[in-house]
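Contents: one structure, followed by commentary.
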Amino acid sequence: MTRTVGTAEAGLDELRAWRPHLLLVDIDQQRAESLDFIGQRIANRRLPTIALTVRGDLKTKLAAFDHGADDIVTVPFAPEELLARVLALTRRAYGDSVPFAPVIKVAGLEIDLLEQRVRAGASDVRLTSLELALLYLLASNPGQTLARDDILDAVWGADYVAESNVVDRHIRNLRKKLRENGRHPRFIGTVPRKGYRFLPRRELLHESAS
142 MTRTVGTAEA
152 GLDELRAWRP
162 HLLLVDIDQQ
172 RAESLDFIGQ
182 RIANRRLPTI
192 ALTVRGDLKT
202 KLAAFDHGAD
212 DIVTVPFAPE
222 ELLARVLALT
232 RRAYGDSVPF
242 APVIKVAGLE
252 IDLLEQRVRA
262 GASDVRLTSL
272 ELALLYLLAS
282 NPGQTLARDD
292 ILDAVWGADY
302 VAESNVVDRH
312 IRNLRKKLRE
322 NGRHPRFIGT
332 VPRKGYRFLP
342 RRELLHESAS
């Protein structure tokens with residue numbers, strides 16, 4: 142689950158109420174406050190942190206490291222690179238205590254975040270990046286009911302202003318591409334007045350060898 146805030150002050154408030162496994166901090170937005178936020182999060186509790194910046198100069202990078210950033214990614218970046226850095230940092234910080242699997246296999250379905258690919262049986266399923274993120278979120282929480290607002294925050298971001306049916310519309314498209322039976326779905330169930338739930342239990346959860 143991900144949460145997004147717009148200011149360093151809001152970030153500190155969020156940390157008091159919620160413990161994430163990793164932070165991504167845009168140090169170009171409110172530069173001084175963002176760097177101080179990285180330092181304060183260390184004083185508060187140790188959280189792996191990746192700094193994001195459009196500046197590639199040595200001074201900017203050294204400032205981020207000096208304030209406690211664990212890694213720096215220059216914008217623009219390939220999503221695959223950011224994901225690989227997130228995986229490497231979480232492995233270093235938590236070992237096996239916080240499992241994160243870029244590949245989920247369950248009930249004949251394979252979801253591969255690194256390759257941005259989904260397979261159902263022997264067939265590739267062509268999904269948009271949002272549909273892939275939505276499916277991965279559901280499959281990562283099998284049996285748990287996820288509210289529409291929580292899905293919206295996790296996939297689109299807390300600051301995203303969306304029409305009220307955006308989650309439902311993407312779920313419909315996802316079900317169609319997965320060839321779901323409306324009355325007897327295999328993968329995505331609807332929980333009336335609450336949200337959606339991934340039905341099968343994970344059979345295999347592993348990390349890529351790379």
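Under our numbering, think of the first position of the sequence shown as 142, with each following residue one higher.
Built from N, CA and C at the ideal position, the CB exists for glycine as well.
- Within the region 268–292, complete alpha helix (DSSP H) segments of at least 4 residues are found at 270–280, given in chain order.
- Looking only at P217, F218, P243 and V216, the smallest Cα-Cα distance to A229 is reached by P243.
- Look at the region 147–182 and you find these whole runs of alpha helix (DSSP H), each 4 residues long or longer: 149–158.
- Less than 8 Å separates the beta-carbon of L287 from that of Y337.
- The Cβ atoms of L250 and Y277 do not sit closer than 8 Å to each other.
- If you draw a straight line from the Cα of V247 to the Cα of Q257, it comes to about 17 Å.
- For the options Q171, R226, Q181 and E321, the alpha carbon positioned closest to that of I191 is the one of R226.
- DSSP links D212 through a beta bridge to I191.
- By a beta-carbon distance limit of 8 Å, I168 contacts T194. Their separation comes to about 5 Å.
- Listed in chain order, the non-local C-beta contacts of A261 below 6 Å within the same chain comprise L250, local neighbours out to five positions each way being set aside.
- Distance from the Cα of W159 is smallest, within the candidate group Q171, T145 and P341, for T145.
- Looking at the DSSP output, L250 sits in a beta bridge with V247 and A261.
- Taken atom to atom, the span from the alpha-carbon of I292 to that of F178 is near 27 Å.
- Straight across, the Cα-Cα distance linking A234 with P189 is about 7 Å.
- Counting along the chain, no beta strand (DSSP E) covers F328, and no H or E run does either.
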